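Numbering (UniProt numbering), first residue to last: 1 to 219. C-beta atoms are modelled at their ideal positions from N, C-alpha and C, and glycine is treated no differently. Nothing here was measured: the structure is a model prediction, and the numbers come from that model. First the structure, in the form of structure tokens, and then the observations on it.
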């Protein structure tokens with residue numbers, strides 16, 4: 001069992017129970033709620049988007065040792081199941097922890113999403129996160145990556161980024177995110193680090209949950 005980083009939130013949600021992989025059909029695989037995945041007592045949001053795809057929401061934090069490999073697995077899955085799911089990324093945010101949300105949405109505003117991925121990988125080392133979490137050092141880092149410091153600060157202080165940071169706080173609370181990585185499938189099922197560590201296993205569980213949601217939708 002992988003040890004997961006945790007932090008407190010005001011209203012954590014209750015769970016109902018405590019390279020392209022080649023896999024057998026998800027119908028033939030059996031996974032257990034409370035072991036391979038978790039589920040909310042009540043659905044949060046819609047299981048299907050207007051385009052009929054299932055949202056897979058990836059909550060992450062730059063202060064995370066295993067979020068980068070989890071992101072790689074989810075990116076792989078979003079490619080091989082592009083007809084069924086859409087991967088959405090959200091920074092974990094609380095009133096006491098806004099760094100990830102501020103940096104993520106600032107980089108997004110500057111059309112530099114690839115730098116967010118690079119930062120997530122680089123801060124897999126705790127010491128590097130501690131170093132880059134200071135304003136002076138993150139400004140030096142983005143400058144080294146080709147961004148202008150002034151433009152970065154202007155974007156971070158913009159009304160749009162501030163609004164997105166507040167929305168990140170609301171989403172973190174709404175989904176009861178208590179650890180990271182934290183992945184919500186179709187607003188109902190949840191995966192954490194204990195599942196998101198191996199391509200074959202993770203893809204098999206994701207396929208199982210996607211098929212489960214599709215069957216539930218038809219009933």
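Using a Cβ distance threshold of 9 Å, residue 54 and residue 216 do not count as a contacting pair. In terms of Cβ geometry, residue 40 and residue 189 form a close pair [threshold 9 Å]. Across the structure, residue 58 and residue 111 are spaced so that their CA atoms are roughly 19 Å apart.
Counting along the chain, residue 150 sits inside the alpha helix (DSSP H) bounded by residues 149–156. Going by DSSP, residue 90 is part of the beta strand (DSSP E) stretching over 85–91. Under DSSP, the beta-bridge partners assigned to residue 55 are 86. Contact check between the segment 197–207 and the segment 118–138: fewer than three CB pairs, one atom from each, fall below 8 Å, which does not count as touching.
Here residue 165 really is in contact with residue 102; their C-beta atoms are around 6 Å apart, less than 8 Å. From the listed residues 70, 46, 42, the smallest Cα separation to residue 195 is found for 70.
Taking a 10 Å sphere around the C-beta of residue 50, we find fewer than 16 other C-beta atoms and assign the residue as exposed. Excluding sequence positions up to five before and after residue 186, its CB lies within less than 6 Å of the CB of 47, 54, 213, all in the same chain and listed in chain order.
The DSSP-derived three-state label of residue 33 is strand. Between the alpha carbons of residue 218 and residue 94 lies a gap of roughly 37 Å. Scanning 62, 66, 91, 56 for the CA closest to the CA of residue 74 turns up 56. A residue is called buried when at least 16 other Cβ atoms come within 10 angstroms of its Cβ; residue 36 meets this threshold and is buried.
Contact between residue 124 and residue 81 does not hold, since the beta-carbon distance rounds to 26 Å and is not under 8 Å. Assigned with DSSP and collapsed to three states, residue 97 falls in strand. One alpha carbon belongs to residue 106, the other to residue 144, and they sit about 16 Å apart.
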